Amino acid sequence: MATVTEARVNGGLYTVTADGRLMRVASPAAGAGVDILTNYLGHGWLLLLVRDGVRQPAWVAEDGARRWVYCDGEVTVVELAAPAGTRRRPAAAGGLGRLTAPMPASVIRIVAAPGSRVAHGDTVLLLEAMKMELPLRAPHDAIVRAVHCQAGDLVQPDVPLVDLDPLA
Amino acid sequence: MATVTEARVNGGLYTVTADGRLMRVASPAAGAGVDILTNYLGHGWLLLLVRDGVRQPAWVAEDGARRWVYCDGEVTVVELAAPAGTRRRPAAAGGLGRLTAPMPASVIRIVAAPGSRVAHGDTVLLLEAMKMELPLRAPHDAIVRAVHCQAGDLVQPDVPLVDLDPLA
Amino acid sequence: MTRPLRRVLVANRGEIAVRVIRACRELGIESVAIHSEADAGAPHTVLADRAECVGPPPAAQSYLDIRRVIDAARAAGADAVHPGYGFLSENPAFADACQRSGLVFIGPPAPVIERMGSKIAARQVAGAAGVPVVPGLTPADQREEGIAGAARAIGLPVLLKASAGGGGKGMRVVRLEAELAEAIGAARREAAAAFGDGTLYVERLVERPRHVEVQVFADTHGGIVHLFERECSAQRRHQKVVEESPAPGLPPALRARMGEAAVAVAREAGYVNAGTIEFLVEGLGEDARFYFLEMNTRLQVEHPVTEAVTGLDLVHLQLQVAAGAPLSFRQEQVTQRGHAIQCRIYAEDPDAGFLPQAGRLLLYREPDGPGVRVDAGVVEGSEVTVHYDPLLAKLIVDAPTRAAALARAITALRQYPVLGIRTNIPFLVRLLGHPAMQAGQIDTGFIEREAGALTTRPTPAAAAMAVAAAAAVTGTAEQWARRDPPARDPAQLDPWVRLRGWRN
Amino acid sequence: MTRPLRRVLVANRGEIAVRVIRACRELGIESVAIHSEADAGAPHTVLADRAECVGPPPAAQSYLDIRRVIDAARAAGADAVHPGYGFLSENPAFADACQRSGLVFIGPPAPVIERMGSKIAARQVAGAAGVPVVPGLTPADQREEGIAGAARAIGLPVLLKASAGGGGKGMRVVRLEAELAEAIGAARREAAAAFGDGTLYVERLVERPRHVEVQVFADTHGGIVHLFERECSAQRRHQKVVEESPAPGLPPALRARMGEAAVAVAREAGYVNAGTIEFLVEGLGEDARFYFLEMNTRLQVEHPVTEAVTGLDLVHLQLQVAAGAPLSFRQEQVTQRGHAIQCRIYAEDPDAGFLPQAGRLLLYREPDGPGVRVDAGVVEGSEVTVHYDPLLAKLIVDAPTRAAALARAITALRQYPVLGIRTNIPFLVRLLGHPAMQAGQIDTGFIEREAGALTTRPTPAAAAMAVAAAAAVTGTAEQWARRDPPARDPAQLDPWVRLRGWRN
C-alpha cells in the first residue's frame, strides 16, 4: 500500500513514504527522518511531524499544482512538477527585458515613453494597488522599446507591460 | 442555466430555483420568497438569505445524502431522497418491536432476559456512553423475544439489540 | 524554595489539556501530552511538544491508569504533572504516586486532596473554620439498606452523591421512597465508573438553592487569596451548563463574607494551589444565607470566567505556585471588573433527552471578535468518540455589563456553526434568551423545571427556507469550488449584483 | 437629551464594519452594511441585518462616494451612521451631509473634524491647551517649490504628510535635497487618492521618536475622560504594525501628564465621542518629553488594546454617546490592568518589499483560547481583492504581564495558518521575537533599520520536511476524505498507533 515519492526542497533531496494517513520523510543529508500523521481538515490538511520525539504541526493547503505550507512560523509555497502536456507557470515572471505587475493593479502613469532612455533604478511605470503606489523601475540601463498599457488600465500579474532593450 | 428543485420541509412545499451561486426559494403557502447567495466555505457552504431586505446567514454541511443546516440559532438535519437503486436509511431506526442504541455505546447489563414480561417504561437494557448510563426502556407492555447482545459489547446505533413482542 | 519547571506532563485530554499546554508554552515550559489510542492526532497531541500513548480508548485503561501515566511522565523526562480536571485530578493516590516518582504534582498535597475529597472530613474542616454546612453524611453501611436508612433519617428529599468526586457524575435527587433503590444503584455504578469508588454521600436537599462558588489560590509560603465568586446555578442533572461572574444580585456584604469564608476553609485545610469552595446560597438579597457544600481541589471547568473578571491567568499561577514561587499580588490588589459568562458546548442532543452524540465535525467554525474566547478540544474534522466526556469546547464572553455579556454570548452562539453532530448550542441560545436568565434569577432547579420551554422550538421560517435551499446544494465540495471560480478580474460582476436585478 | 439609535448604517467594510455591526447587535440596534460590487457576500454584509450596494469596486465610486452612502442610509431607513476608520471617517463634508440628512453622525461634529483635521488648526488648539508641538507648517504655496522651500526653512530631515488624513498614506521622509521633488509628487498623489485632497504638511523629523497616543472619550454633556495610552512605535513606512498598552517603560508621571494633556486638547477642541491624541515621545525615563503630533477624530484601528486593558467597549461607548447618553463612569474609575498587544495581519509579502497581495484564502484558521481575540474581515474562502486596504484581520492578545502577552501573541501567530495568499504573519513572528521588541525598546524607525533581520529567515528544517510531505499529499480534498473514513468502530486502531510500531 505504501507509495514512495521524492521531493527536492531548497536543493535537498527528501524521500517520502506514504501509507494512508502516515508518512515518513527521510533526507540522506539530514540523517534521521521525521514521522508524520496527516489529519484531514476540510479544505486542507494538518500534518503532525515527529522527530526525535518532538512534535511540530504543519498546515497544508492545495491550490492546483501548488501546495502552501505553514510550519514553524514560516510559509512556503511549493509548485509540483506539472504532468506532461500542461503548461508550467514560469518560475520568475517577466524576464530581463520586460516589466510586469507583481499583482493586479491599475496604471496611474506611463513615466518613460517608448524610445526614451532610462537608467538603472528609474521609474518606468507607476502602478497603484490597495491605495499604495507601486513604481516599476528599470532593472538596468535601457531604451524603452514598447509599452503595452495605458493610464487607467487594470493590469494582471505576469503580463508584459513594458519591453526594454538593455544597454551594455 | 437555472435549475428548479422542489423540497418538502415540515410538510411545506418549497420551490428552489438555482443559478450558479444564486438561489431563490419560494413557498406557495408562505407568499413571498427569499433570495440566497451561496458562498463556498471549504468544507461547507454559507448561505445568505434575504427576505424583505433582511438578511440571515445559514451554514450548510454535507454528510452523504444528508445536509446539516444552522440557521437562526437552530440546527436542522435533512435527508435527501436517495437516487434510485440505493438503500434509504430508515427515518426512525428501530421499529415498534425492537430496541436500538441511540449512539455507539457499551452494554452494561441485560435487565430483562428473553421470555420475561416488561411493562411500558421498564428498563430492558442498560447501556453506557460517555460515562452516562443510558437505559433502554420498553415503549409498551411486551414480552422480550430475543436479546442480540451481551454485557460488555460495544454496540452501534441502528442495529437491533432487543426484539419485543407487544402485548395488546 | 523556587524550583523552575522544565517539562510538564499534562495528564488529561480535550480543551483543558490544550489550555494547559498553551500556558506551558507561554511560560517557556515544555509540554508532554498523553493520549489513548482513540486520541492520537487529537488537538492536544498536536499542540504539545511531545506525546505519549497511555493505552486503549477506554479511560480506565488509559487516562485513569495511574501506573501508565506515571510511566509516560518518566519516559518523556517530565519533572511535573498537571492533572487538569476530572480523570485523576482529585485522586490522592495519583498525587502521591507523582510525589514518590519525583514528579511535582501541580495541585495540593495528597493528604489535602484526600481530606477535602471526603465529604465528612471536608465538613469538619469547614466547621472548624467557622463556616456553616448543609446536613448530610456518608453512611458507614454502604449497602442499599444503609444508604436508604440514612436518606430516611435526614428526611426526603435528599441528594445522593459520589463521595469521591464532583461534576454531577453519580448524583441523584430522590424525592420519593419508591425511587430510592434504583437511584442508589445508578449513582453507585456511575460513581464507580467515573472515580473508581462507589461510596455514596447523602445530603439534605436545599430547595431552589443557588450554587455560588469562590475561587481560592494558595502558595507554599502561607499566602492565600480568593479571586471572587462564580454563579453556577444553571445546571442540568447537576452538570453545570452556564457559569458567570459576578453572581447576579449577590449583595456586596454577602460576597465579602463568602470570600473570607473560602479563605478560612482553605487555610484550615492547609491548602496549596488552585481550589474552589462551593457554597449553596438560600434566599435573596439581604436575607440570603450560604452553606459550605464541598471543596474541589483542582482547577474548575469554569475557571475562565474568573480569569476574565480578574485579569489573572489561573494556569500560569498554578505553574508558578507549583514551582515554589510566592503569589505576586495581595488580596486587596485583586479586582473584579466587568461581567463574564461561560457556555459549555456539549456533544449532546437537547431535543432527545440530552443524549451524548458521537461523530465527525463536518463544519466547525468558532466565533471571534471583542470579548469572545473559545477554549476548544476539537477542530473542524475532529471525530468525537463515545469514550469520553461530551464537552467539546467552552465559549467565554466578557463585557462591561451583564446585559452586554448576555447579548454578546447569544450573538456569538448564533455565529458558531457546529455541524455533523448535534450539540447543545441551540439549547444555549434559548437558555440565555429566557426571561429568568436575562433577569439573573435562576436556581439550580431552573433548567429541569423549564425543560419544555428550553428544548422545543418550531423550525424558524428562515431555517425552513435554508433547509429547502440546502437540499438543492448538490455536488461535492470540489465540484462546487470549480463551479464558480473566484472573480480575479475586477471587471467581472459579482453574482450578488445580478441578484439585485433579479429581485426587481 | 437621549435619542436611542434604532438602525445604524456602517459606512465601511472589513474587520471594522464587522466589529461595529456586532456591537450594534449587542445593544439591540439594527445594522445596515454597505458594500461595493466586489464585496457582495463579504463577511460584513453577511453579518448585518440589511445591506445596500453603493457602487462598483473602486472605493472612490462606492465607499468614498458621500452621496451614494447617504442615499443608502436613507433607502435603508437608518437613523445614524458609523464611519469606522479610513474612508469617510475624517471627512467633515460627510459628517455635515449626515447631519443635513437627519442622520446622527457617530463621531464629533463636522467643524471639530475640520479643525482637528487641519494640521495648523490642530496645533493651535494644542498650543491653546498648553501642550507642546513639533515645529511644522502647511505651506500656503502648495506648488513643489513652495513645499520644498518650507522643507528647507524647517531644515532637513523633514516629514511630508497629507494634511487631510493619517494612517501613513501620503507620508514621506525626506533626508536629502535630491529626494525632495519625487517625494513631494508621490506624497501628493497618494494624499489625493486616499483623502481626495493633495494638500501637504511639512514637519521637523524627530529622530528615534516613540509614537505614543492617548485615547480620549467625550460625551455631549461636557464629560471628558482619557483611557490611557497606546504604544505604536512598531511602524513600517508610517503604517502601524504592532500596538500595545501600556507603553513599555513609560514613567508613571509622564503617563499621567500625557493623559491630562490629551483631555486638555480634547476639551479645547470641543470634542465629542472617541478620539485619539497622538504624541511623539523623545528620550527615555525621567528625561523623556512629549509633543502633540495630531488628533485622529475617529475610532483607531488599534482601539482593542485599550479595550483589553480598561475592560471598556469603545464601540458601545460610541453608540451610547451618539445617542446622547452621558459617560457612565468617571476618570478615576478607569483602570489599566494587564498588558495587551495587537498585531495587524496584512495581505502583503514581507519577503518581496511588503507588496500587497490578492487572492483567495484557501485555508484560514484563527487561533483561539485564553487572552486571544481576533477581529477579522475575512473567513476561509474569502477573496482578497486589489481594491482596498490589505488589512485582513487583527490579533489582539492580553495577559497579566508584557512578557506573557508577547509569548501568547507568538504562540497564537504560530497557530494561525493563512494559506493561499502571502501575509505578514511570519514577519510578525520574527518581529515579536526580536530582542529589542522583547525588551520594549523600539522607536518608529526600528523596523526599517532591522529590515534585513526581520524579513529573511532560512526555511526551518521542520518546514522543509513538511514541504516535502506536502508535495506528496495528492488527490482532491474529497478523495482524501474518502481515503480514510472516520474510525467509528472504537476497536479499529488509529494509524498513529501503527506509526509507533513503525518507529521501533
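Protein chains in written order, with the working numbering: chain Y, 1 to 168; chain E, 169 to 336; chain S, 337 to 840; chain G, 841 to 1344.
Note that beta-carbon positions come from the ideal geometry of N, C-alpha and C, so glycine has one too.
All values reported here derive from a predicted model rather than from experimental measurement.
Closest residue to residue i among the options (Cα-Cα distance)
i, options, result
"Gln964 of chain G", "G:Glu1108, G:Leu1045 and G:Arg1270", "G:Glu1108"
"Asp555 of chain S", "S:Val390, S:Glu518, S:Gln435 and S:Gly611", "S:Gly611"
"Leu1259 of chain G", "Y:Val25, Y:Ser27, Y:Val75 and Y:Val54", "Y:Val75"
"Gln1255 of chain G", "Y:Gly97, Y:Tyr70 and Y:Pro104", "Y:Tyr70"
"Asp375 of chain S", "S:Ile778, S:Ala799, S:His723 and S:Thr780", "S:His723"
"Trp227 of chain E", "E:Asp326, E:Ala233, E:Gly289 and E:Gly241", "E:Gly241"
"Ala1303 of chain G", "Y:Met23, Y:Leu47 and Y:Thr5", "Y:Leu47"
"Val111 of chain Y", "Y:Gln150, Y:Gly53, Y:Gly12 and Y:Val78", "Y:Gln150"
"Val599 of chain S", "S:Glu784, S:Ala694, S:Ala464 and S:Gly674", "S:Ala464"
Spatial neighbours of residue i in its chain, beta-carbon cut-off 6 Å, leaving aside the 5 residues before and after
i, result
"Gln636 of chain S", "Thr612"
"Gly534 of chain S", "Arg524, Ala527 and Ala528"
"Ala18 of chain Y", "Thr3"
"Pro1257 of chain G", "Leu1203 and Arg1205"
"Ala1128 of chain G", "Leu1094 and Val1121"
Cβ shell of residue i (< 7 Å), same chain only, five flanking positions each side left out
i, result
"Pro762 of chain S", "Pro686"
"Ala966 of chain G", "Val973, Val1105 and Phe1132"
"Glu984 of chain G", "Ala1021 and Ile1024"
"Gly1164 of chain G", "Met841, Thr842, Arg843 and Thr1060"
"Ser871 of chain G", "Val848, Val850, Ile861, Cys864, Arg865, Ala888 and Asp889"
"Val1013 of chain G", "Pro997, Leu999 and Leu1045"
"Ala748 of chain S", "Pro703, Val708, Leu731 and Val733"
Neighbour-count burial assignment, residue i, 16 or more Cβ in a 10 Å radius
i, result
"Val860 of chain G", "buried"
"Thr646 of chain S", "buried"
"Gly1292 of chain G", "exposed"
"His639 of chain S", "buried"
"Glu62 of chain Y", "buried"
"Ala260 of chain E", "Note that Ala260 of chain E has pLDDT 34, beneath the 50 cutoff, so the model's placement of it is unreliable and no number is given."
"Pro370 of chain S", "According to the sequence displayed, residue 370 of chain S carries Ile and not Pro. By the neighbour-count rule (16 or more Cβ atoms within 10 Å), Ile370 of chain S is buried."
"Phe782 of chain S", "buried"
"Arg1248 of chain G", "buried"
"Gln224 of chain E", "buried"
"Glu1147 of chain G", "buried"
Beta-ladder partner(s) of residue i, from DSSP
i, result
"Ser274 of chain E", "E:Glu296 and E:Leu322"
"Asp685 of chain S", "S:Leu691"
"Ile1345 of chain G", "As displayed, chain G neither begins before 841 nor continues past 1344, which places residue 1345 of chain G out of reach and without an answer."
"Ala583 of chain S", "BP columns for Ala583 of chain S are empty, so no partner."
"Glu614 of chain S", "S:Glu549 and S:Glu630"
"Tyr1204 of chain G", "G:Val1258"
"Tyr14 of chain Y", "Y:Ala7"
"Tyr399 of chain S", "According to DSSP, which records beta bridges pairwise, Tyr399 of chain S is partnered with nothing at all."
Beta-carbon contacts of residue i that lie in its chain and below 8 Å, excluding the five residues immediately before and after
i, result
"Ala1420 of chain G", "The structure shown does not extend to residue 1420 of chain G, since chain G spans only 841 to 1344, so no value can be given for it."
"Glu786 of chain S", "His770 and Ala772"
"Pro160 of chain Y", "Gly94, Arg98, Leu99, Thr100 and His148"
"Gly674 of chain S", "Ala644, Val645, Asp734, Ala735, Pro736, Thr737 and Ala741"
Closer than 9 Å at the beta carbon, the chain C residues around residue i
i, result
"Val858 of chain G", "Given the protein chain composition of this structure (Y, E, S and G), no chain C is represented."
- Are the segment 1210-1220 of chain G and the segment 701-715 of chain S touching by the rule of at least three beta carbon pairs closer than 8 Å? As far as the Cβ criterion goes, the segment 1210-1220 of chain G touches the segment 701-715 of chain S, which means the pair count is three or higher.
- Check whether the segment 720-737 of chain S touches the segment 648-657 of chain S, taking contact to mean three or more Cβ pairs, one atom from each stretch, closer than 8 Å. Contact fails: fewer than three Cβ-Cβ distances are below 8 Å.
- Task: For the segment 1178-1197 of chain G and the segment 1071-1087 of chain G, state whether three or more C-beta atom pairs, one from each stretch, are separated by less than 8 Å.
- Result: The segment 1178-1197 of chain G is in contact with the segment 1071-1087 of chain G.
- Query: Does the segment 1190-1199 of chain G touch the segment 1298-1308 of chain G, meaning 3 or more C-beta pairs lie closer than 8 Å?
  - Reply: Counting Cβ pairs under 8 Å, fewer than three are found: no touch.
- Query: Okay, do the segment 139-154 of chain Y and the segment 99-106 of chain Y touch, 3+ Cβ pairs below 8 Å being the bar?
  - Reply: In short, these stretches touch, since the Cβ pair count reaches three.
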